[in-house]
Amino acid sequence: PINARMKNASKKVEWSGLAEGCDYQHYHKLTGIGVNTTTRQVHLLDGDKFKKYDFSDIRDWSYSLKTGGTSMSNRTLAEGAQNYRQNKENEAGSGFFLKVKDIDNPEWRVAFPWSEHNNKKTEIELKRWMEIFQQNINEK
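In the numbering used here, the protein residues as written are 118 to 257.
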């Protein structure tokens with residue numbers, strides 16, 4: 118709907134300011150991640166929640182791309198509804214995940230483009246983010 122698109126566009130502009138100075142940035146569906154190698158901080162956005170964490174506060178990171186569980190025939194209304202629900206669950210369970218030293222927000226999820234048919238580009242991008250964290254947090 119139009120309101121959701123306007124909110125997303127507005128949040129994306131806001132994110133650009135919040136992530137200014139980050140060497141690496143990603144924004145998708147009201148979530149964002151940025152890595153500033155100069156200040157050694159990770160910037161995270163989830164809806165109206167924004168926080169910065171020092172590299173030393175990052176405990177773990179991973180990614181997940183969930184697929185499957187849908188009916189191939191999709192012939193009945195019930196099958197279509199089941200597939201829709203399963204795809205929404207798969208999309209919600211996919212993304213880049215960070216565990217941080219924060220009692221109130223110990224885990225963050227950053228959304229990435231997801232498709233029920235082909236996630237190859239997204240998987241490549243998620244692996245890229247794994248390497249960004251490996252090189253900047255584990256190896257420095």
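Glycine included, each C-beta is placed from N, C-alpha and C at the ideal position.
> Roughly how many whole angstroms lie between the Cα atoms of G134 and L161?
Replying inline: Numbered from 1 along the sequence shown, position 17 holds the residue referred to as residue 134. Numbered from 1 along the sequence shown, position 44 holds the residue referred to as residue 161. Roughly 13 Å between the two C-alpha positions.
> Would you say the region 229-247 touches the region 165-173, given that touching needs at least three Cβ pairs under 8 Å?
Replying inline: Contact between the region 229-247 and the region 165-173 is absent, because fewer than three Cβ pairs lie under 8 Å.
>> Across the region 150-169 and the region 233-243, are there enough close Cβ pairs to call them in contact, namely three or more that are closer than 8 Å?
In response: No, they do not touch.
> Based on the DSSP secondary-structure assignment, which residues constitute the bridge partners of F213?
Replying inline: As a position in the sequence shown, residue 213 is number 96, starting the count at 1. Its beta-bridge partners are Y180, V227.
>> For a cutoff of 8 Å on Cβ pairs, would you count M247 as touching chain D?
In response: Among the protein chains of the structure shown there is no chain D, as only one such chain exists.
>> Can you list, in chain order, the residues of its chain with a C-beta nearer than 6 Å to that of Y144? Leave out the 5 residues immediately preceding and following it.
In response: The residue labelled residue 144 in the question sits at position 27 within the sequence shown. Correct list, in chain order: K129, W132.
> For G212, which residues of its own chain have a beta-carbon under 6 Å away from its beta-carbon, when the five flanking residues on both sides are left out?
Replying inline: Taking the first residue of the sequence shown as 1, we reach residue 212 at position 95. R226, V227, A228, F229, listed in sequence order.
> Which residue from E242, D140, T148 puts its Cα closest to that of R157?
Replying inline: Reading the sequence shown from its first residue, position 40 is the one you call residue 157. Minimum Cα distance to R157 is reached at D140.
> Given that a residue counts as buried once 16 or more other Cβ atoms are within 10 Å of its Cβ, and exposed if not, what is T148?
Replying inline: Residue 148 sits at position 31 when you count from the first residue of the sequence shown. Per the 10 Å Cβ criterion, buried.
>> Taking the alpha carbon of A209 as the reference point, which residue from K244, K218, Y180, K216 has its own alpha carbon closest?
In response: Counted from its first residue, the sequence shown places residue 209 at position 92. With distances taken between Cα atoms, A209 lies closest to Y180.
> From this set, L182, D221, A198, which residue's C-alpha is nearest N207's C-alpha?
Replying inline: Your numbering for residue 207 matches position 90 in the sequence shown. With distances taken between Cα atoms, N207 lies closest to L182.
>> The beta strand (DSSP E) that contains I150, what's its start and end?
In response: Position 33 of the sequence shown, counting from 1, holds the residue named residue 150. Note, I150: beta strand (DSSP E), 148-153.
> V159 bridges to which residues according to DSSP?
Replying inline: Residue mapping note: residue 159 aligns to position 42 of the sequence shown, counting from 1. Looking at the DSSP assignment, V159 forms a beta bridge with V152, Y170.
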